[in-house]
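Okay, structure first, notes after.
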Amino acid sequence: MSPLDRINSFIITAAAGVLSSCSYSIQKNPVPSIPSAQNYKQSELGFGNVYSRVIRPNCIGCHGNGGGVNLESYANIKANLTKIYQAAIVERKMPKAPNAPLSADDLGLLNAWIQAGAPETAPGGEPGPTPIPLGPNFASIKYNILDSKCLLCHAPGKPVARIPLVTKDDLLNSPLDLVLPGNPDESGIMLAIRGVNPEKLMPPPKDANGSPTGFTKLSAQEINAIAQWITNGAND
Ligand code: HEC
Ligand code: HEC
2 MSPLDRINSF
12 IITAAAGVLS
22 SCSYSIQKNP
32 VPSIPSAQNY
42 KQSELGFGNV
52 YSRVIRPNCI
62 GCHGNGGGVN
72 LESYANIKAN
82 LTKIYQAAIV
92 ERKMPKAPNA
102 PLSADDLGLL
112 NAWIQAGAPE
122 TAPGGEPGPT
132 PIPLGPNFAS
142 IKYNILDSKC
152 LLCHAPGKPV
162 ARIPLVTKDD
172 LLNSPLDLVL
182 PGNPDESGIM
192 LAIRGVNPEK
202 LMPPPKDANG
212 SPTGFTKLSA
222 QEINAIAQWI
232 TNGAND
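This is the structure:
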């Protein structure tokens with residue numbers, strides 16, 4: 002390499018460095034500011050509402066059965082409140098990257114609830130949405146499994162938007178044969194959640210680089226609920 006080439010290649014490397022550090026800071030920076038707690042009505046500040054709007058869709062895929070800190074109940078969330086505040090509101094390191102950070106509205110609601118003392122029942126007395134028990138019907142499967150354990154990746158605007166898992170139609174009319182009514186063993190969704198091909202187990206325990214994602218395998222009860230729904234014909 003001539004001295005001139007060396008200078009040129011230095012300039013190119015330096016420019017690439019500047020460019021990549023710019024794009025890095027652009028990616029790192031869409032940190033929304035937290036809306037004031039005043040923006041939320043007292044009636045919104047109950048556990049049921051905060052759980053269904055913020056925790057269930059954004060945290061339970063990694064903090065449910067078999068995951069690290071379990072955040073599936075009011076008692077568990079209360080016991081970890083300081084850590085949750087630190088990780089999700091102050092440091093913004095949860096949901097763990099590369100998942101999208103909480104939206105401004107999610108951050109605001111979670112923060113307002115914590116500031117209000119994290120009450121189980123909203124100060125106005127409203128209990129909030131009632132959980133749907135796990136069972137072999139689409140509403141329950143969506144509520145208990147898809148929303149919290151799949152949609153961080155499989156929804157429009159998320160990393161695997163190509164394979165949406167949002168509606169019943171997405172499952173029944175997929176070119177990937179995700180659900181073959183009456184035939185769970187050949188339905189694509191069952192192959193994926195059972196990990197018939199371990200490399201394709203869903204949710205994926207590892208990312209493309211082999212680093213842990215934090216997502217845990219579905220429980221046997223969850224896998225059975227989906228299998229039974231398909232066996233029954235997948236029509237409710
Ligand atoms: C993609 C997986 C994933 C998601 C989604 C996720 N977490 Fe985590 N979380 C982890 C992993 C892995 C750890 C343990 C390693 C660490 O602390 O980084 C963790 C650790 C934590 C801890 C413990 C931190 C400490 O100081 O001990 C808290 C609290 C937490 N997460 C809260 C949340 C909340 C609240 C959400 C939703 C807003 C969330 N996490 C979403 C993977 C996830
Ligand atoms: C952390 C992100 C992430 C989560 C969470 C996740 N997936 Fe996936 N999923 C992927 C990726 C990446 C692929 C591969 C996409 C491709 O081939 O283009 C994939 C592919 C699939 C496929 C197609 C498999 C094939 O053979 O082509 C199915 C079915 C699937 N996922 C189901 C699920 C279900 C059901 C859940 C929840 C229980 C889930 N996924 C959760 C990232 C995720």
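Numbering-wise (this note's numbering), the sequence shown opens with residue 2 and increments by one.
Note that beta-carbon positions come from the ideal geometry of N, C-alpha and C, so glycine has one too.
{"query": "Can you tell me the Cβ-Cβ gap for V180 and S188, rounded? I've got them flagged as a contact below 8 angstroms.", "result": "5 angstroms"}
{"query": "What's the call for D208, buried or exposed, on a 16-neighbour Cβ count within 10 Å?", "result": "exposed"}
{"query": "Out of curiosity, what's the CA-to-CA distance linking S21 and D148?", "result": "With a pLDDT of 38 at S21, under the threshold of 50, the modelled position of that residue is not reliable, and the figure given next carries that caveat. Looking at the two C-alpha atoms, the distance is approximately 34 angstroms."}
{"query": "Would you check whether ligand 1 has a heavy atom nearer than 7 angstroms to the C-beta of M203?", "result": "no"}
{"query": "According to the neighbour-count rule (16 or more other Cβ atoms, all chains shown, within 10 Å of its Cβ), is A193 buried or exposed?", "result": "buried"}
{"query": "Exposed or buried, A113, counting other C-beta atoms within 10 Å across all chains shown (16 or more means buried)?", "result": "buried"}
{"query": "Quick check on P128: buried or exposed, where buried means 16 or more other Cβ atoms within 10 Å of its Cβ?", "result": "exposed"}
{"query": "Give me the pocket residues for ligand 1, defined as CB within less than 7 angstroms of any heavy atom, sorted by chain position.", "result": "V55, I56, N59, C60, G62, C63, H64, G69, V70, L72, N81, K84, I85, Q87, A88, A89, K94, M95, P96, K97, N100, L103, L153, P213, T214, G215, F216"}
{"query": "Give the secondary structure of K79 by DSSP, where H, G and I count as helix, E and B as strand, and everything else as coil.", "result": "helix"}
{"query": "In this structure, does DSSP put S26 in helix, strand or coil?", "result": "At S26, the pLDDT of 35 sits below 50, so the modelled position is not reliable and the matter cannot be decided from this model."}
{"query": "If we ignore side chains and look at the alpha-carbon of each, how far apart do L173 and N138 end up?", "result": "13 angstroms"}
{"query": "Going straight from the alpha carbon of S34 to that of A105, what length do you get?", "result": "7 angstroms"}
{"query": "So, are the CB atoms of G125 and Q39 less than 8 angstroms apart?", "result": "no"}
{"query": "Near A119, which residues of its chain fall below 7 angstroms by C-beta distance, leaving aside the five closest residues on each side in sequence?", "result": "K79, L82"}
{"query": "Taking just the CA atoms, how far does P130 sit from P185?", "result": "31 angstroms"}
{"query": "Cα-Cα, which of Y52, Q87, P99 is closest to N210?", "result": "P99"}
{"query": "According to DSSP, is K207 helix, strand or coil?", "result": "strand"}
{"query": "In terms of residue numbering, what span does the alpha helix (DSSP H) encompassing V51 cover?", "result": "48–51"}
{"query": "Can you tell me whether P199 is helix, strand or coil according to DSSP?", "result": "helix"}
{"query": "Look up P213 in the DSSP assignment and give the residues it is bridged to.", "result": "K207"}
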